[in-house]
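Chains as they are written, first to last, in this note's numbering: chain Y, 257 to 527; chain B, -12 to 352.
Below is one structure, written out as structure tokens; the observations come after it.
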């Protein structure tokens, strides 16, 4: 129960960050993003403590059930933001990352009420842990790419409609968003592909989990197609952003269902 | 020449005065404006003439003002028009056009001026730099002391606070600066951007100059009369191209400004679509300053293309100005504690309440 307190605190931090970030964006005054960033940093510290404590208890990377998977998934989103934000001077993305992370954590905490600590878990090899970790990290990076795409769409719409709200001044220029979105998208695809590829090297003791495999193949193909057309220069920035957002909405909407249906992707509990 | 009497700290009066655009037309202001090279001499002469113990002289295109500390504010008020008349060798009487403030209103005035609240274009930031320059000249000449040093430094801090906490400086208020602002929101840094000017009109030239001042990489000018294009290109440091060739050059262009007198669209959606196929995916910012318009409005529906006509730009400029004006009240609230802090400090220096009206130096003149 103790570890959940850290996740609860992290979720509160993300909620506060989301609230402040959206207020700053909507207000007519040029409020900096420092508080949004610091609150996310606080949330991330608590989030990391939760995962560390959980991992220490179950002696596995904490992705053994839906609760942990969602928490790890949202953690990877925040981690990516903390790398991308300062690197590309895009701390404003925090105002968009925090609400999504809050929602995922909220669902995770709600799911946690039905999930007890797993008993002793069998060791399925490092390949499995690396496969799952990389796949979830990849999904986190793709999430930040989608959020950057969303910011691009907002800014592009304001420019097209000549409706310059307070958001117009707070959000970055579209040229910068194009570059960041595409680079993060490619990185997300590479990491997700690496994670998915590792899945082929895991010794399977049960029947193949076709539900999850087909879902992963669909997600991978979607992003592969997007990255290829992007590399060929055939897609406008707007369509790239739209597809990136649509792809991620698909992931978010199906992630829960697929993980619930999946059998081989749940650790068998001995205890 | 007037010689100041022996200083008595209890009779200290902080004063400011002069002429501003609010009450004085440019035909008069231009007669008494001080060139940068004149300022140091004018300052020391003014200080003696007005009987000031500390002095700063500010001269911009919208205001000529003095700030000072004296024991005889009435004398300063009377001497100021005469000083202007003598220094500039002009016959006009500037007394009815000049103002003077003493004490707290003087502090409020400087803080408001530094924050751009009293500028012709509310929120403009150039005035802060001009005040800093004027103060620096006075400081280097040893013409300031504890009263003006603290006053000016506090005004700079107050202006910074207003600028960072309100939207007073937000948004551009001219067609040229709105174009620059939009370009920066599309491309970010303009140093790698190339501009094309189609039709060598005056408005497009001004807009191109605004963009050039923000460091755009290169400029191409196309006009039906090649000589006019060549002449404008030479002025702007760009390249002139023949009218028939502008579409080929447009392939490399990021920002296109058009102001031809053509009665029909110079660029249609169909033509631009064909052009876009030959370009890479980079964004294109189209500024249509012509009436009737040069660019077909439906062009704006194309991806990676941002089209603004003259009405769009003017409407944005006007709305920015309106927004800035609504920020004045909030800015004054932010200035208040800064003003109060200065006055409290002044009270401590003299040991007399500054705002009780007993001392004329702290009551409105």
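Just so it is clear, CB atoms sit at the ideal spot from N, CA and C, and this is done for glycine as well.
Three or more pairs of CB atoms, one per stretch, sit closer than 8 angstroms, so the stretch 291 to 298 of chain B contacts the stretch 255 to 274 of chain B.
Under the DSSP definition of a beta bridge, residue 120/B lacks any partner. Taking a C-beta cut-off of 8 angstroms against chain Y, the contacting residues of the stretch 155 to 179 of chain B are 157, 158, 169, 171, 172, 173, 174 and 175, listed in chain order.
Proximity of the stretch 222 to 229 of chain B to the stretch 249 to 256 of chain B falls short of the contact definition, fewer than three beta-carbon pairs being nearer than 8 angstroms.
Just so you know, the alpha carbons of residue 409/Y and residue 291/B end up roughly 12 angstroms apart.
The Cβ of residue 260/Y sits no closer than 8 angstroms to any Cβ of chain B. Using beta-carbon distances, residue 267/B counts as an interface residue toward chain Y, with a partner under 8 angstroms. Residue 319/B sits in a helix when the DSSP states are folded into three classes. Remark: C-beta atoms of residue 493/Y and residue 280/B do not approach each other more closely than 8 angstroms. Residues of the stretch 287 to 303 of chain B whose Cβ lies closer than 8 angstroms to any Cβ of chain Y, in chain order: 287, 290, 291, 293, 295, 299, 302 and 303. Taken in chain order, the whole beta strand (DSSP E) runs of length 3 or more contained in the stretch 169 to 198 of chain B are 181 to 185. The C-beta of residue 282/B has 16 or more other C-beta atoms within 10 Å across all chains shown, which makes the residue buried.
C-alpha of residue 140/B to C-alpha of residue 7/B: approximately 22 angstroms in a straight line. Shown here, residue 24/B sits in coil according to DSSP, grouped into three states, outside any helix or strand.
DSSP places residue 49/B in no beta strand (DSSP E); its state is neither H nor E. In the three-state reduction of the DSSP assignment, residue 275/B falls in the strand class, which pools E and B.
Residue 238/B and residue 262/B do touch by the CB rule: their CB atoms are close to 7 angstroms apart, below 8 angstroms. When 7 angstroms is used as the limit between beta carbons, residue 218/B is near no residue of chain Y, the shortest such separation being about 32 angstroms. According to the DSSP assignment, residue 451/Y belongs to the alpha helix (DSSP H) that extends over 430 to 454. Pairing residue 98/B with residue 195/B, the inter-Cα distance amounts to about 35 angstroms. DSSP, reduced to helix, strand and coil, places residue 41/B within a strand of the structure shown.
Excluding residues up to 5 positions away in sequence, 256, 259, 260 and 263 lie with their Cβ nearer than 8 angstroms to the Cβ of residue 289/B in the same chain. Looking at the DSSP output, residue 242/B bridges to 182/B and 272/B. With contact defined as three or more Cβ pairs closer than 8 angstroms, the stretch 320 to 330 of chain B and the stretch 141 to 160 of chain B are in contact.
The three-state secondary structure of residue 113/B, taken from DSSP, is helix. In chain order, 276 place their CB closer than 6 angstroms to the CB of residue 291/Y, counting only its own chain and leaving out the 5 sequence neighbours on each side. Using a CB distance cut-off of 8 angstroms, residue 270/B counts as an interface residue toward chain Y.
Of the candidates 442/Y, 415/Y and 455/Y, the residue whose Cα lies closest to the Cα of residue 300/B is 415/Y. When the Cα atoms are used, residue 241/B and residue 213/B turn out to be separated by approximately 22 angstroms. In the DSSP assignment, residue 4/B is bridged to 53/B and 87/B.
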